[in-house]
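A.B. asks: Line by line, the protein sequences are chains C and V. Residue numbering for the first sequence is 1 to 110, as defined by my numbering. Residue numbering for the second sequence is 1001 to 1711, as defined by my numbering. Even glycine gets a Cβ: it sits at the ideal position worked out from N, Cα and C. Remember, predicted model here, so these are calculated numbers, not experimental data.
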Amino acid sequence: MKVALSQESGISVISIEGSIDGKTAPLVKEEINPALQAAKSVILDLSKVDYLSSAGLRLLLLIYREFAAKQGKLVLLGVSEDIQTVMSHTGFLNFFTLAGTRAEAIQALA
Amino acid sequence: MDTRVDYYPTHEHQGFKFRRGRTLPFGATVVPTGVNFSVFSSAATSCTLVIFRKHEQKPIVEIDFPREFRTGDVYSMIVFDLDYEDLEYGYRFGGPWDPRSGQRFDRSKIVSDPYARVVGGRDQWCAQPDWDDVYQHRARLAFDDFDWEEDRPLETAITDLVIYELHVRGFTAHPSFGVRAAGTFAGILAKIPFLKELGVNCVELLPIFEFDEWENSRRHPQTGELLLNYWGYSTVAFFAPKAGYAATGRLGMQVDELKNLIKELHKAGIEVILDVVFNHTAEGDHRGPTISFRGIDNRSYYILTPDGYYYNFSGCGNTLNCNHPVVRNLVLDCLRYWAADYHVDGFRFDLASILGRDQNGAPLANPPLLESLALDPVLSKCKLIAEAWDAGGLYQVGSFPAYNRWAEWNGKYRDSVRKFIKGDMGVVPEIAGRIQGSPDLYYYRGPSASVNFINCHDGFTLHDLFSYNGKHNEANGENNNDGSNDNYSWNCGVEGETSDEGVNRLRLQLKKNAFCILMLSRGVPMFLMGDEMGRTQRGNNNTYCQDNELSWMDWTLAQRNGELLRFVRMMIRFRRANPVLRSNWFYQGRDYVGSGKPDISFHGTRAWAPDFSPGSRCLAFLLCRKHTQDQQADIYVAMNMHWQALPFQIPKPGERESWKIVVNTSMRAPEDIYETSEAPSLNEQEQVILGPRSMMVLIADACTRSTPGTR
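Right, here's the structure in full:
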């Protein structure tokens, strides 16, 4: 699991690579927390995430809830089709704005 | 910074830290420092917690409960720092192996937690299990933080429900379904628009507690077809949803998937009732597997004979000892969990009469479990529906201990209506009672006690009811000996499918008659998935083992039998638009509001002269709108189950009103049923001719007077 932080057009982009499960979810959360706290709008780039467990999906929902509470905006970028299917079956998909490309993601945050 | 003394472990074993746990709640509960395990056994001499990583054959650790961790008969322990998403657990219990005294402890076996909220081992439907695995049904932990947003159980009045009984897998497993996630909870999601358009506002799911589809699996001796435990009336774990029913079961996300389905159904105004099986478990008799209860506390969980064998009131090998206080609490805890954590709207209890037997099997006058369920604070708004009989000979339709709360599957409704529609004599007086909500059975309880149905999973489908004289269960591999012989069915002249247009028309007409009577009866209507589009099981009236096209819903029927489907949709709409049909009061058969007409009056071929004689096959009734609040129109229903057309003299409508035709089942679509607003007036207002074996529904209201003679 790896995390990278960057900026694009003044928007924070958090890129995660690997699997997010019960073991890695707390580590991811710890690592991206400062960036999440500071930002009002965030793109969460999941295009290199190959697996999201229950705990991983819950991490996403927690982040969503935090952003909703501070009227911030969150976009998920590049979620694989498999993961989208799982998110759809379990209802997690209903909460999120998804984007296929960075340009779309930036537009969704505009 | 830890702030509590009990945040620190007191013991350690092979690197695993633990301490004394909390006795309640039972099961495995995530606590701030780890997981609290708590389990009951009244007769064990020792208990060991066995922890696995998911899917692994060998445990990562086995921890004996120290003596001081047992309080009374409860063993409890908190284990620290567990990765609970990747964890499976079970127990070993030491104690006597003495079947004659009912004790069957076996430390060599790992047994599952009766309170397990997720169970692994059958993660995907029909995937070949690893039979060498020492632990087949593996207890896991569940995330219980689903985001329900503003959802809650709908609390629809029970008499306003139209219940649709469906099998989770069978509903969407057929190749014609054509969407991802076939045969799963997620598959049902895709069909919510269909249910909504149909007009049902409640789905009753055949068992969805974890069961083993491989139980008693076998090959058909002639055809070689694989026969499975398809219906699932055999519970492995009462708190766990069936993993194989979830598209995400392989990822262990069945809890979220089912909760999401319930949330989405609620958004569409559709309630969810679970068919629950507390009368026995999947452990069978003394030859069955040791999964959980048998190895934990056989004498507490099962009703045993004096020499230690299993009483078999369920017809399935064993009988759960439901009125033992510990088992009673398990049932209560379980239902509360499904009501509170899954937002389930109600329960239908399979062979519920067993729940009223004492620890020796004798029926109780005042069964504590049934009383507890009826008056429970968490369940107080849940529908409780009993299948009021058992396989031990107790038949309690009309006499089930109801505490003013329980409803019943009305088996007498089914039988009377079937006989009436097929043209049997001598049932007209019964039918008069059945359409009123069966006051003969439920006088002190009201029509809400009567779940009216003509077909359910158990028995013929509606289509087969009028296509077969006898059952054809050869595909079950039991020489056609299984399944009920009392079907009250009629094949309309040809056994099975036919290309004879006349026979097929008649069958369609009888199906319409069935839906018409069902939707016009007071009580709670229920029908089986697919009956609205003529689903056949080819004469098989007991498809418990058929995971194939015999049981699955063929979605192409919606097109092929569009006429029936349209009729059913409109009939349901008619029921929902007419409160007089859904009242929870019995008709009184007299005029108590001064309208000049009784609330219900019966008629025959002559108005005001019903023929209740043994040779009669006709009945008509008139419902007065003024006896029911918000009822807009009087309703007149004529039923001619004779094989010849008959004239029916119609009672006079109100002053300056005229009768309009809403339903005439002898007509083809679109003239078989009309929207109320488009119903044509009857040309002759005094008399109508009813075709053979047909029904007619007329309405008269204040708005009808200006449009006589149109259409």
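Taking all protein chains shown into account, decide if residue 1131 of chain V is buried (16 or more other Cβ within 10 angstroms of its Cβ) or exposed.
C.D. replies: exposed
A.B. asks: Which residues of the segment 1251–1268 of chain V have a Cβ closer than 7 Å to any Cβ of chain C? Give them in chain order.
C.D. replies: Look at the segment 1251–1268 of chain V: the residues with a C-beta under 7 Å from a C-beta of chain C are 1251, 1252, 1253, 1256, 1257, 1260, 1263.
A.B. asks: Can you tell me which of the three DSSP states residue 1251 of chain V falls into?
C.D. replies: helix
A.B. asks: Candidates V/1015, V/1134, V/1049: which alpha carbon is nearest residue 1069 of chain V's?
C.D. replies: Taking residue 1069 of chain V as reference, the option from V/1015, V/1134, V/1049 with the minimal CA-CA separation is V/1049.
A.B. asks: Here's the rule: buried if 16 or more other CB atoms are within 10 angstroms of the residue's CB, otherwise exposed. What is residue 2 of chain C?
C.D. replies: exposed
A.B. asks: Taking 7 Å as the CB-CB limit, is residue 1730 of chain V close to chain C?
C.D. replies: Since the first residue of chain V shown is 1001 and the last is 1711, residue 1730 of chain V is not available in this structure.
A.B. asks: What are the residues that DSSP puts in a beta bridge with residue 1076 of chain V?
C.D. replies: In the DSSP output, where bridge partners are listed per residue, residue 1076 of chain V has V/1038.
A.B. asks: Between residue 1601 of chain V and residue 1640 of chain V, how many whole angstroms is the CB-CB distance? I'm expecting something under 8 Å.
C.D. replies: The Cβ separation is near 18 Å, so there is no contact.
A.B. asks: Comparing alpha-carbon positions, which option in V/1015, V/1040, V/1081 lies nearest residue 1031 of chain V?
C.D. replies: V/1081
A.B. asks: Between the segment 1273–1281 of chain V and the segment 1341–1351 of chain V, can you find at least three pairs of beta-carbon atoms closer than 8 Å?
C.D. replies: At 8 Å Cβ cutoff, the stretches touch.
A.B. asks: Are the segment 1431–1440 of chain V and the segment 1407–1417 of chain V touching, with three or more C-beta to C-beta distances below 8 Å?
C.D. replies: yes
A.B. asks: Which residues in chain V sit within 8 Å of residue 111 of chain C, going by Cβ to Cβ distance?
C.D. replies: Nothing about residue 111 of chain C can be reported from this structure: the residues present for chain C run from 1 to 110 only.
A.B. asks: Return the CA-CA distance between residue 1517 of chain V and residue 1637 of chain V, expressed in angstroms with no decimal places.
C.D. replies: 9 Å
A.B. asks: What do you get for residue 1710 of chain V, buried or exposed, if any count of 16 or more other CB atoms within 10 angstroms of its CB means buried?
C.D. replies: Residue placement at residue 1710 of chain V cannot be trusted, given a pLDDT of 40 that sits under 50; what the coordinates show is reported in the next sentence. Exposed, since its Cβ has fewer than 16 Cβ neighbours within 10 Å.
A.B. asks: Less than 8 Å between the CB atoms is what I'm expecting for residue 1201 of chain V and residue 1271 of chain V, so what's the real figure, rounded?
C.D. replies: That belief holds up - the Cβ atoms of residue 1201 of chain V and residue 1271 of chain V are roughly 6 Å apart, short of 8 Å.
A.B. asks: Counting C-beta neighbours from all protein chains within 10 Å, is the total for residue 1479 of chain V 16 or more, i.e. buried, or is it exposed?
C.D. replies: Exposed: under 16 other Cβ atoms inside 10 Å.
A.B. asks: Straight-line CA distance for residue 1274 of chain V to residue 1123 of chain V?
C.D. replies: 21 Å
A.B. asks: By the three-class DSSP mapping on this structure, what secondary structure does residue 1532 of chain V have?
C.D. replies: Helix at residue 1532 of chain V.
A.B. asks: Comparing alpha-carbon positions, which option in V/1594, V/1514, V/1245 lies nearest residue 1120 of chain V?
C.D. replies: V/1245
A.B. asks: State yes or no: is the C-beta of residue 1243 of chain V within less than 7 Å of the C-beta of residue 1141 of chain V?
C.D. replies: no
A.B. asks: So, is the C-beta of residue 1043 of chain V closer than 7 Å to a C-beta in chain C?
C.D. replies: no
A.B. asks: If the cut is a Cβ gap below 7 Å, which residues of chain V does residue 91 of chain C touch?
C.D. replies: 1256, 1260, 1263
A.B. asks: Out of V/1659, V/1333, V/1232, state which residue places its alpha-carbon closest to the alpha-carbon of residue 1458 of chain V.
C.D. replies: Checking every option, the nearest Cα to that of residue 1458 of chain V belongs to V/1232.
A.B. asks: Does the segment 1283–1297 of chain V come within contact of the segment 1355–1371 of chain V, defined as at least 3 CB pairs closer than 8 Å?
C.D. replies: no
A.B. asks: Which residues of chain C have a Cβ atom closer than 8 Å to the Cβ of residue 1143 of chain V, listed in chain order?
C.D. replies: 54, 55, 58, listed in chain order.
A.B. asks: Measure from the C-beta of residue 86 of chain C to each C-beta in chain V and report whether the shortest distance is under 7 Å.
C.D. replies: yes
A.B. asks: Whose C-beta lies closer than 6 Å to the C-beta of residue 1547 of chain V among residues of the same chain, with five residues either side of it excluded?
C.D. replies: 1228, 1230
A.B. asks: For residue 1661 of chain V, which residues does DSSP report across the bridge?
C.D. replies: According to DSSP, which records beta bridges pairwise, residue 1661 of chain V is partnered with V/1698.
A.B. asks: Got a sec? Which residues, its chain only, sit under 6 Å from residue 1570 of chain V by beta carbon, not counting five neighbours each side?
C.D. replies: So the qualifying residues of the chain are 1673.
A.B. asks: Across which residues does DSSP place residue 1241 of chain V in a beta bridge pair?
C.D. replies: V/1209
A.B. asks: Kindly indicate if chain C contains any beta-carbon less than 7 Å away from that of residue 950 of chain V.
C.D. replies: The question about residue 950 of chain V has no answer, for chain V in this structure spans 1001 to 1711.
A.B. asks: Please confirm if residue 1248 of chain V has its CB atom under 7 Å from at least one CB of chain D.
C.D. replies: In summary, chain D is missing from the structure at hand, where the protein chains are C and V.
A.B. asks: Taking CB distances under 7 Å as the criterion, tell me whether residue 1709 of chain V reaches chain C.
C.D. replies: Low confidence applies here, because residue 1709 of chain V scores a pLDDT of 43, under 50, leaving its location unreliable; read the following figure in that light. No, residue 1709 of chain V lies away from the interface with chain C (no Cβ there is under 7 Å from its Cβ).
A.B. asks: Give a yes or no on whether the minimum CB-CB distance between residue 1705 of chain V and chain C is below 7 Å.
C.D. replies: Unreliable positioning characterises residue 1705 of chain V in this predicted model, as indicated by a pLDDT of 47, which lies under 50. The coordinate reading is nonetheless provided below. Taking Cβ atoms only, chain C never reaches closer than 7 Å to residue 1705 of chain V, which makes this a no.
A.B. asks: Since residue 1509 of chain V and residue 1665 of chain V should fall inside the 8 Å C-beta cutoff, what is the C-beta to C-beta distance between them, to a whole number of angstroms?
C.D. replies: Indeed they touch by this definition, with Cβ atoms about 5 Å apart.
A.B. asks: Listing by chain order, which chain C residues have their CB less than 8 Å from the CB of residue 1180 of chain V?
C.D. replies: 85
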